[in-house]
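Student: My structure is below; once you've seen it, I'll send some questions.
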Amino acid sequence: MSRRRAALAALLLAAVAATVPGGCTNRADDTSGGGGISLPSFPSVELRMDSVVMVGDSITEGSAIVLQDTLTTAGFSDVVVDGDASRRIEVGTGAGGGPVSGLRTILRLIAEGASPDVWVIELGTNDIGAYTEAEYRDLITQVLDLLPATVPLVWVNTFRPDQPEHTVLFNGLLAETLAARGHSAIADWYTAAAAPDQAILRSDMLHPNETGQVALAMLVVDALSRLPAA
Numbered sequence: 000m001s002r003r004r005a006a007l008a009a010l011l012l013a014a015v016a017a018t019v020p021g022g023c024t025n026r027a028d029d030t031s032g033g034g035g036i037s038l039p040s041f042p043s044v045e046l047r048m049d050s051v052v053m054v055g056d057s058i059t060e061g062s063a064i065v066l067q068d069t070l071t072t073a074g075f076s077d078v079v080v081d082g083d084a085s086r087r088i089e090v091g092t093g094a095g096g097g098p099v100s101g102l103r104t105i106l107r108l109i110a111e112g113a114s115p116d117v118w119v120i121e122l123g124t125n126d127i128g129a130y131t132e133a134e135y136r137d138l139i140t141q142v143l144d145l146l147p148a149t150v151p152l153v154w155v156n157t158f159r160p161d162q163p164e165h166t167v168l169f170n171g172l173l174a175e176t177l178a179a180r181g182h183s184a185i186a187d188w189y190t191a192a193a194a195p196d197q198a199i200l201r202s203d204m205l206h207p208n209e210t211g212q213v214a215l216a217m218l219v220v221d222a223l224s225r226l227p228a229a
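Okay, structure coming up:
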């Protein structure tokens, strides 16, 4: 991870801390939702996009209100945020009330008419530790194959402290694959969540707390602003 990217993450998190009453608390077990957060102001960016669809797991689901509000504030007029607890990339049919996989969700959204200016994907956390290197690469490729090759993409990378080696492996493959795809950017949740001096996770050390929800949303907006011009 470059020093510039790490510094940017630190600056974003500093801005986030200023938005939460009392500053950046050390209470990492904060389980409150996004309601009541005053979104930070950030420099206007020329996104040249009107619509965005975000598909993710419980990290997205728990941050949905803040993500929706932040993306709207950033200038998107059409925002869809679809998160589901325990969602995996390929596994999951929704049978018995279980989660529907990311692949099936993307296919459903497209069938329903979704054709956004940009896609945001936050998937992989629940797959970490279950696959080989080749299988991780295949999972990432399966997602990319569903999305129009010319449409910009942001992917939020993963943080799983109980699977550090596989987390780094997945994130490395993700960066490599997106670089080959082009017109893509990574929202670096890994660096933000792993920072020892930040309290942005709940007590499970996996899901974002109230401060973390804002940090996640800001990182997504930052990644959107870094997408190459069409």
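So the sequence shown is residues 0 to 229, counted in numbering that gives the first Met the number 0. Don't be surprised by glycine CBs; every beta carbon is placed ideally from N, CA and C.
What residue range is occupied by the uninterrupted alpha helix (DSSP H) comprising isoleucine 109?
Tutor: That run of the alpha helix (DSSP H) goes 101 to 110.
Student: Taking the straight line between their C-alpha atoms, what separation do you get for isoleucine 120 and valine 54?
Tutor: Distance between the alpha carbons of isoleucine 120 and valine 54 is about 5 Å.
Student: Would threonine 72 and methionine 217 be called neighbours here (beta carbons separated by less than 8 Å)?
Tutor: Contact flag unset, no.
Student: Just how far apart, CA to CA, sit tryptophan 154 and leucine 122?
Tutor: Rounded to the nearest angstrom, the two C-alpha atoms are 8 Å apart.
Student: Name the DSSP bridge partner or partners of glutamate 121?
Tutor: DSSP output for glutamate 121 lists Gly55 as bridge partner(s).
Student: Suppose you measure from the CA of alanine 191 to the CA of serine 62; what does that come to, to the nearest Å?
Tutor: Roughly 15 Å between the two C-alpha positions.
Student: Leaving out the 5 sequence neighbours to the left and right, which residues in its chain are closer than 8 Å to arginine 180 when beta-carbon positions are compared?
Tutor: Correct list, in chain order: Leu143, Ala148, Leu152.
Student: Just the Cα atoms here: how many angstroms apart are isoleucine 185 and valine 117?
Tutor: Straight-line Cα distance between these residues: approximately 13 Å.
Student: For the alpha helix (DSSP H) containing leucine 215, list its first residue and its last residue.
Tutor: Looking at the DSSP string, the run of the alpha helix (DSSP H) that includes leucine 215 is 209 to 224.
Student: Report the option in Asp83, Ser114, Thr92, Pro227 whose CA atom is closest to the CA atom of threonine 124.
Tutor: Selected option, being the one with the closest Cα: Asp83.
Student: Which of the three DSSP states is assigned to leucine 205 in this structure?
Tutor: If DSSP states are grouped into helix, strand and coil, leucine 205 belongs with coil.
Student: Just to confirm my understanding: we take serine 114, look at its own chain, exclude 5 residues before and 5 after, and list those with CB closer than 7 Å. What are they?
Tutor: There are no such residues.
Student: Would you kindly work out how many angstroms separate the C-alpha atoms of alanine 193 and alanine 94, rounded to a whole number?
Tutor: Near 34 Å, if we compare the C-alpha coordinates of alanine 94 and alanine 193.
Student: Does the beta-carbon of methionine 204 have 16 or more other beta-carbons within 10 angstroms, so that it is buried, or is it exposed?
Tutor: Exposed, since its Cβ has fewer than 16 Cβ neighbours within 10 Å.
Student: According to DSSP, what are the bridge partners of alanine 186?
Tutor: In DSSP, alanine 186 forms a bridge with Val155.
Student: Comparing the CB of glycine 93 with every heavy atom of the ligand ATP, is any distance shorter than 7 Å?
Tutor: Although the ligand ATP was asked about, the structure shown includes no ligands whatsoever.
Student: Checking the sheet assignment: what are the DSSP bridge partners for glycine 82?
Tutor: Its beta-bridge partners are Gly55.
Student: Distance, Cα to Cα, leucine 168 vs aspartate 187?
Tutor: Answer to the nearest angstrom: the Cα atoms are 14 Å apart.
Student: Can you find the residues in the same chain that come closer than 7 Å, C-beta to C-beta, to glutamate 89, ignoring five residues on each side of it along the sequence?
Tutor: The answer, listed in chain order, is Ser100, Leu102, Leu138, Gln141.
Student: I need the straight-line Cα distance from isoleucine 127 to serine 85, nearest angstrom please.
Tutor: Going from the Cα of isoleucine 127 to the Cα of serine 85 covers about 12 Å.
Student: Along the chain, where does the alpha helix (DSSP H) containing arginine 87 start, and where does it finish?
Tutor: Looking at the DSSP string, arginine 87 is not in any alpha helix (DSSP H), and its letter there is neither H nor E.
Student: Just how far apart, CA to CA, sit arginine 201 and valine 150?
Tutor: Whole-angstrom Cα-Cα distance: 34 Å.
Student: Note down the Cα distance separating alanine 133 from leucine 177, rounded to an integer number of angstroms.
Tutor: About 16 Å.
Student: Quick check on the DSSP output: the alpha helix (DSSP H) that includes glycine 97 runs from which residue to which?
Tutor: Taken as a continuous stretch (DSSP letters only), glycine 97 belongs to no alpha helix (DSSP H), as it is neither H nor E.
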